[in-house]
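**Student:** Pasting a structure here, questions to come.
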Amino acid sequence: MNALKTMLQAASLASAASLVFMPVAWADAKQDLQDRLAPISTLQADFVQQVIDPQGELVQELQGELALARPNKFFWQSDAPDELVLIADGTSLYYYDPFVEQVTINDQQASSAQSPFLLLLDGEANAWADYQVSAEANSYQLSPVAGAASQQRLQISFADDQLNALVLDDGQGQLTRIELSNVVINTALPASTFKFEVPAGSAVDDQRGAVE
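The following block contains the structure:
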């Protein structure tokens, strides 16, 4: 149930170990990926997420919808009975678990430093400085440089120049695979999409004050 929270706040992000990359020059691959992401101002999609444990067993499968508005807004909601909500409003990152009626709030900038996943939202060069990028065909792997704040990795895949898949690894052998469908880009999204109001009766764990 906590796979999404872990993925975005602390999880490693990587390609499956069985995939072999023949990297082009890192600088060229990074620029190529940034060029592919640059035309995207908004994106909406349905998703299917599978979590695979180190033994190769499927331990969780979720489906739902997501939306993003670059440079810094994100919405993610999985369907019942495993409903989870994640919203980044440009300042704070809200994670809501209706099952336990708890909201966790983190500083978005600090969370971005810990997860290359959120580079999908950010086109600024300094946000990418901690990662090198290798590429083959329509897949890109982001890996941290030496001394980076995070050791997380991310694989981004495209089909027909459209973002369609992510593969993630928590660094301990657990993989999270995310497949996108019904992708729509660059349509206006209501501002309310990226606003979160704490549901009545929910416990709140506000971690923003803990950021140094």
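Under the numbering used here, the very last position in the sequence shown is 212; numbers go up by exactly one each time.
Yeah, the Cβ is synthetic: ideal placement off N, Cα and C, and Gly gets one too.
Just to check my reading of the structure: T42 and I156 have Cβ atoms closer than 8 Å, yes? What is that Cβ distance to the nearest angstrom?
**Tutor:** Mapped onto the sequence shown, residue 42 falls at position 42. Mapped onto the sequence shown, residue 156 falls at position 156. Their Cβ separation, rounded to whole angstroms, is 17 Å, which puts T42 and I156 out of contact at 8 Å.
**Student:** Using only the alpha-carbon positions, how far apart do P190 and Q102 sit?
**Tutor:** Taking the sequence shown and counting its residues from 1, the one referred to as residue 190 is at position 190. Taking the sequence shown and counting its residues from 1, the one referred to as residue 102 is at position 102. Approximately 25 Å between the Cα atoms of the pair.
**Student:** Do you know how far the Cα of E136 is from the Cα of Q77?
**Tutor:** If you number the sequence shown from 1, residue 77 lands on position 77. If you number the sequence shown from 1, residue 136 lands on position 136. Straight-line Cα distance between these residues: approximately 31 Å.
**Student:** List, from N- to C-terminal side, the beta strand (DSSP E) runs of 3 residues or more that fit wholly inside the region 104-169.
**Tutor:** Runs found: 131-136, 139-144, 154-159 and 162-169.
**Student:** Just the C-alpha distance for A200 and L154, rounded to the nearest angstrom, thanks.
**Tutor:** For the purposes of this step, residue 200 is identified with residue 200 of the sequence shown, where counting begins at 1. For the purposes of this step, residue 154 is identified with residue 154 of the sequence shown, where counting begins at 1. Near 36 Å, if we compare the C-alpha coordinates of L154 and A200.
**Student:** Would you tell me roughly how many angstroms separate the C-alpha atoms of E179 and L68, rounded to the nearest one?
**Tutor:** Along the sequence shown, one-based indexing puts residue 179 at 179. Along the sequence shown, one-based indexing puts residue 68 at 68. Each residue's Cα considered, the two are about 16 Å apart.
**Student:** Return the chain-ordered list of same chain residues with a C-beta closer than 8 Å to the C-beta of T187, the five sequence neighbours on each side being excluded.
**Tutor:** Indexing the sequence shown from 1 puts residue 187 at position 187. Here the set comprises T42 and Q44.
**Student:** Could you check what DSSP says for L37 in three-state terms: helix, strand or coil?
**Tutor:** Walking along the sequence shown from the start, residue 37 turns up at place 37. Helix at L37.
**Student:** Can you have a look at D79 and say buried or exposed, based on whether 16 or more other CB atoms are within 10 angstroms of its CB?
**Tutor:** Taking the sequence shown and counting its residues from 1, one reaches residue 79 at position 79. It counts as exposed.
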